[in-house]
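Notes follow once the structure below has been shown.
Protein chains: 2
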Amino acid sequence: MTAEADAALGAAATSLLGDRRLIIATNRGPVTFASAADGSLRTRRGSGGLVTALGQVGRHVPITWIAAAMSEGDRRAAADPKLLRLAAGDDAAIRLRFASVERPVYEQAYNVIANPFLWFLQHQMWNLSERPVIDAAIIRAWERGYVALNEAFAAAVLAQTRSDRRPRIMLHDYHLYTAAEAIRRVRPGAVLSHFTHIPWPPSSIWQNIAPTIREAIARGLLGNDVVGFQTERYAHNFMRMIASFVPDATVDYEEWTIRRRRRITHVRHYPISIDVEATRRIAGSRAARRRADQLLGGTRNQVIVRVDRLEPSKNILRGFLAYEALLQRHPRLRGRISFLAFLVPSRTSLREYGDYGRKVQNAVDLINARFGQSGWRPVQLFYENDYAQALAGLSIADVILVNPLIDGMNLVAKEAVIVSERDAALVLSETAGAFDQMADGALAVAPADVVGTADALATALAMPVEERRRRLAKLRRGVEREDITWWLRRQLEDLVELTG
Amino acid sequence: MTAEADAALGAAATSLLGDRRLIIATNRGPVTFASAADGSLRTRRGSGGLVTALGQVGRHVPITWIAAAMSEGDRRAAADPKLLRLAAGDDAAIRLRFASVERPVYEQAYNVIANPFLWFLQHQMWNLSERPVIDAAIIRAWERGYVALNEAFAAAVLAQTRSDRRPRIMLHDYHLYTAAEAIRRVRPGAVLSHFTHIPWPPSSIWQNIAPTIREAIARGLLGNDVVGFQTERYAHNFMRMIASFVPDATVDYEEWTIRRRRRITHVRHYPISIDVEATRRIAGSRAARRRADQLLGGTRNQVIVRVDRLEPSKNILRGFLAYEALLQRHPRLRGRISFLAFLVPSRTSLREYGDYGRKVQNAVDLINARFGQSGWRPVQLFYENDYAQALAGLSIADVILVNPLIDGMNLVAKEAVIVSERDAALVLSETAGAFDQMADGALAVAPADVVGTADALATALAMPVEERRRRLAKLRRGVEREDITWWLRRQLEDLVELTG
Numbered sequence: 000m001t002a003e004a005d006a007a008l009g010a011a012a013t014s015l016l017g018d019r020r021l022i023i024a025t026n027r028g029p030v031t032f033a034s035a036a037d038g039s040l041r042t043r044r045g046s047g048g049l050v051t052a053l054g055q056v057g058r059h060v061p062i063t064w065i066a067a068a069m070s071e072g073d074r075r076a077a078a079d080p081k082l083l084r085l086a087a088g089d090d091a092a093i094r095l096r097f098a099s100v101e102r103p104v105y106e107q108a109y110n111v112i113a114n115p116f117l118w119f120l121q122h123q124m125w126n127l128s129e130r131p132v133i134d135a136a137i138i139r140a141w142e143r144g145y146v147a148l149n150e151a152f153a154a155a156v157l158a159q160t161r162s163d164r165r166p167r168i169m170l171h172d173y174h175l176y177t178a179a180e181a182i183r184r185v186r187p188g189a190v191l192s193h194f195t196h197i198p199w200p201p202s203s204i205w206q207n208i209a210p211t212i213r214e215a216i217a218r219g220l221l222g223n224d225v226v227g228f229q230t231e232r233y234a235h236n237f238m239r240m241i242a243s244f245v246p247d248a249t250v251d252y253e254e255w256t257i258r259r260r261r262r263i264t265h266v267r268h269y270p271i272s273i274d275v276e277a278t279r280r281i282a283g284s285r286a287a288r289r290r291a292d293q294l295l296g297g298t299r300n301q302v303i304v305r306v307d308r309l310e311p312s313k314n315i316l317r318g319f320l321a322y323e324a325l326l327q328r329h330p331r332l333r334g335r336i337s338f339l340a341f342l343v344p345s346r347t348s349l350r351e352y353g354d355y356g357r358k359v360q361n362a363v364d365l366i367n368a369r370f371g372q373s374g375w376r377p378v379q380l381f382y383e384n385d386y387a388q389a390l391a392g393l394s395i396a397d398v399i400l401v402n403p404l405i406d407g408m409n410l411v412a413k414e415a416v417i418v419s420e421r422d423a424a425l426v427l428s429e430t431a432g433a434f435d436q437m438a439d440g441a442l443a444v445a446p447a448d449v450v451g452t453a454d455a456l457a458t459a460l461a462m463p464v465e466e467r468r469r470r471l472a473k474l475r476r477g478v479e480r481e482d483i484t485w486w487l488r489r490q491l492e493d494l495v496e497l498t499g
Numbered sequence: 000m001t002a003e004a005d006a007a008l009g010a011a012a013t014s015l016l017g018d019r020r021l022i023i024a025t026n027r028g029p030v031t032f033a034s035a036a037d038g039s040l041r042t043r044r045g046s047g048g049l050v051t052a053l054g055q056v057g058r059h060v061p062i063t064w065i066a067a068a069m070s071e072g073d074r075r076a077a078a079d080p081k082l083l084r085l086a087a088g089d090d091a092a093i094r095l096r097f098a099s100v101e102r103p104v105y106e107q108a109y110n111v112i113a114n115p116f117l118w119f120l121q122h123q124m125w126n127l128s129e130r131p132v133i134d135a136a137i138i139r140a141w142e143r144g145y146v147a148l149n150e151a152f153a154a155a156v157l158a159q160t161r162s163d164r165r166p167r168i169m170l171h172d173y174h175l176y177t178a179a180e181a182i183r184r185v186r187p188g189a190v191l192s193h194f195t196h197i198p199w200p201p202s203s204i205w206q207n208i209a210p211t212i213r214e215a216i217a218r219g220l221l222g223n224d225v226v227g228f229q230t231e232r233y234a235h236n237f238m239r240m241i242a243s244f245v246p247d248a249t250v251d252y253e254e255w256t257i258r259r260r261r262r263i264t265h266v267r268h269y270p271i272s273i274d275v276e277a278t279r280r281i282a283g284s285r286a287a288r289r290r291a292d293q294l295l296g297g298t299r300n301q302v303i304v305r306v307d308r309l310e311p312s313k314n315i316l317r318g319f320l321a322y323e324a325l326l327q328r329h330p331r332l333r334g335r336i337s338f339l340a341f342l343v344p345s346r347t348s349l350r351e352y353g354d355y356g357r358k359v360q361n362a363v364d365l366i367n368a369r370f371g372q373s374g375w376r377p378v379q380l381f382y383e384n385d386y387a388q389a390l391a392g393l394s395i396a397d398v399i400l401v402n403p404l405i406d407g408m409n410l411v412a413k414e415a416v417i418v419s420e421r422d423a424a425l426v427l428s429e430t431a432g433a434f435d436q437m438a439d440g441a442l443a444v445a446p447a448d449v450v451g452t453a454d455a456l457a458t459a460l461a462m463p464v465e466e467r468r469r470r471l472a473k474l475r476r477g478v479e480r481e482d483i484t485w486w487l488r489r490q491l492e493d494l495v496e497l498t499g
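Top to bottom, those sequences are chains A and B.
Using numbering that gives the first Met the number 0, read the first sequence as starting at 0 and increasing by one per residue.
Using numbering that gives the first Met the number 0, read the second sequence as starting at 0 and increasing by one per residue.
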């Protein structure tokens, strides 16, 4: 972050907050507590762009961060002020609080509604002919789990803002759709925003589910002054959903506003991004450099790289089918290219994910058996959670394949253009949120189009280095300009402007 | 049809056509030819609302009907003027012609692209994480099958309109998306309309497939003066798709027009309907009356009825889950209600359909085993194609369950309110195209909402007869007013007004 950008962030934060604290609420906080064998509590710090970005805000204004108590350790810490102080560690400006509910309540909210239901729904990852089935268990988990957790969040927020009639509160993601309405009931003057990190599907998807649930989500979000989405299309889909399901709301598609009961909610899009400096630092670490050399292993092959959580929305299977088609149709490429796939284990307890993982492994085995030769393995699969290694892989890529079926944003595409050392060409799915910002420099693919993806890989491999360099430079400038600080600053500025 | 309605249809047809013939193109024509054992050709007449409606137009203006040669018999007849004359039978005003391509070409168009690909895509009946896979076989079938068939249709149309610079041509459905562009190339002054009978999904669905295919569909349809859809939402989705994928087109969402290369395409919606008189005639036939009595069998139980092709988009499984939940939560209903399900075999050679059928049968067996008592079977399943029996079933229903996941229109809902003799309550999915016209009298359900569907069934069963009567009367007036003749007349009138 430049000094300029830091100053702009500080100015926006101060302008919004004055001498207030910024209240942030997310399901997963910056620190979690785990009980050690001896009964003591150990802390584990989270990572990720949001934590970093808020750390930067924390340099300018103090922050109260409210997270769900996800573990028994968190629940114990929630009741112990000393532990909570400890948790902040170096970041004196960040005060941590927990929204704590009993474990079965949290399980219902998180493991019945948020992850298997809302996440799947919004990623359209269902075979609709059979799933979801909204039965009594789902309705119960919604009411007694999800809504109860959101009310616990509202209570935790309100407890932190007792004397303030206009506290500034930022809520995050699909775990917290109904909290704003609950806060607003008690504190009508609160300044509230919500940001959805995952896709917002068209109304025809919401239309499948129980009206009570979708209407509660819609009304809950209309408790905010600003609702933010990753892309313009998702923001538009949200407005269409409100028009379909909230009869007493008036949607203005030109102004991007929704009026309901004399209140206005502004609908915006803020594409999230990465912490460019932190990404560069990790990619430039000695460990990452050494790993990059090992991965290359002296090869002069062109290298295709993908980095993804191993799950169906990432469309990993069709990526390998495209690679197989590439090798079949371009025999001269055999032995001269390599595909490094860095796949991170994800929700391994879900049956769908396990099944998908096995199919991916089979596809890799088939390609290696069909095309492999002595001294050349067409695909190398790395199945582990090693961020530095993944960045090392991206840094040595000639071609980066990012072909999700759907993705709120996709930060791998942004990391890749920052760490690339070989002027990588980016093959990017149109259906990734990141495509809106990166269409100009990337090679576009439609995710189900295996033939088109194979063609894009061939084009990328054959692309003259000057064109690759020109495209990458443009993409890199974009990510440097619109980084995680920019993402956060624009939200703070809009809150000042729209609720002032 | 009243004399008035008939006169209005005649006026619209004459105004559009003058002394021209109306050219209709559909995949399946009013007659098909089958080779008998002795080598001679036998004709089989088709049924359905479209055939009837066009028969009515045929009383006012002559029609040339162009259909795909689907069978070897059709292909033989296509080359034999005598046979074609024979085919028209009583309808001297209808002239039949075939668009004939070689069998492998037709197979590619119909059994690779139209049915397993476009139909599934537009009904969103895929588990997207695995299907579709757009491989070389799909691309080949698109180019050499689907596009070739559409060119054969264009050639057949042009052959029938040699001397006419402004022939009037109506194209139908998902088999014929690219024909208009091919006709327009040769006959720029042609008056062309296309009607899509199945749903038009949001852009996020089209975004998954190969750009070459979706752009050819979009451009192909923009060869028409008017493109018609079943509902306003589908028409809107089409405009959004054009805005997303055809960069040189300008969409006017207020005027419902699309401008491209100085030509305007009007986007309209015309909800299709039934031939009310024909439906009544069949339901009132002696055979149907007798069957209705047999089905009742002297029972005084309340009867829930569904009629559907047995396939996943009809959401039959969740319908039975809802019935099971109803019996579980309302023990006093056990032994006092019956569920008659009339399921029509459909595309039985498709694996997905076969699997789905087995799951439906299992669900029925489980319910009957769990709740059945001596003298009472909770569900009776009829698996056959017997239209008169299905209408008989609808006529004796107290509650009609129509809960598709998605449906272009759904004519069962309309037939049901016409033939009901017991003031049936209609439980109708919001996602059926018919819901737009019938929301006011029906009980709405979201298709994945099993709890809500069980509640709606309970409400329907408990509804006072006066309210059922009032609702049904309103629904019936709607269907009587907006019948198949109305559907066709409005299209003819629009063509006069918009292309005049």
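The beta carbon of each residue, even a glycine, is placed where N, CA and C say it ideally should be.
Given residue i as reference, the closest of the options once Cα atoms are compared
i, options, result
"residue 129 of chain A", "B:417, B:403, B:67 and B:223", "B:403"
"residue 162 of chain A", "A:186, A:144, A:150 and A:217", "A:186"
"residue 214 of chain A", "A:231, A:43, A:242 and A:165", "A:242"
"residue 74 of chain A", "A:237, A:30, A:56 and A:92", "A:30"
"residue 500 of chain B", "B:329, B:64 and B:299", "Residue 500 of chain B is absent from the structure shown; chain B starts at 0 and stops at 499."
"residue 3 of chain B", "B:484, B:103, B:261 and B:54", "B:484"
"residue 324 of chain B", "A:9, A:132, A:77 and A:124", "A:132"
Assigned exposure category for residue i - 16 Cβ within 10 Å defines buried
i, result
"residue 354 of chain B", "exposed"
"residue 224 of chain A", "buried"
"residue 365 of chain A", "exposed"
"residue 372 of chain A", "exposed"
"residue 289 of chain A", "exposed"
"residue 145 of chain A", "buried"
"residue 328 of chain B", "exposed"
"residue 361 of chain A", "exposed"
"residue 71 of chain B", "exposed"
Helix, strand or coil at residue i [DSSP, three-state]
i, result
"residue 248 of chain B", "strand"
"residue 69 of chain A", "coil"
"residue 227 of chain B", "strand"
"residue 445 of chain B", "coil"
"residue 436 of chain A", "helix"
"residue 141 of chain A", "helix"
"residue 100 of chain B", "coil"
According to DSSP, residues forming a beta bridge with residue i
i, result
"residue 503 of chain A", "Nothing about residue 503 of chain A can be read from this structure; chain A reaches only from 0 to 499."
"residue 507 of chain B", "This structure cannot settle anything about residue 507 of chain B, because the visible part of chain B is limited to 0 through 499."
"residue 256 of chain B", "B:251 and B:265"
"residue 372 of chain B", "B:375"
"residue 301 of chain A", "A:336"
Against chain A: residues of the region 207-220 of chain B by CB proximity under 9 Å: The region 207-220 of chain B vs chain A, Cβ under 9 Å: 207, 208, 209, 210, 211, 212 and 213.
Positions along the region 304-327 of chain A whose CB lies within less than 8 Å of some CB in chain B: 311, 312, 314, 316, 317, 320 and 324
Members of the region 341-374 of chain A that neighbour chain B once the beta carbon cut-off is set at 9 Å: 351, 355 and 358
Chain A contacts from the region 426-439 of chain B (Cβ-Cβ distance under 7 Å): 429 and 430
The region 114-129 of chain B: positions lying closer than 8 Å to chain A by Cβ: 123, 124, 125, 126, 127, 128 and 129
Contact list for the region 444-462 of chain A against chain B, Cβ threshold 8 Å: 445, 446, 447, 448, 449, 450 and 451
Under 9 Å (Cβ pairs) to chain A, residues found in the region 131-153 of chain B: 131, 132, 133, 134, 135, 137 and 138
Proximal residues, the region 380-407 of chain A versus chain B, C-beta separation under 9 Å: 404 and 405
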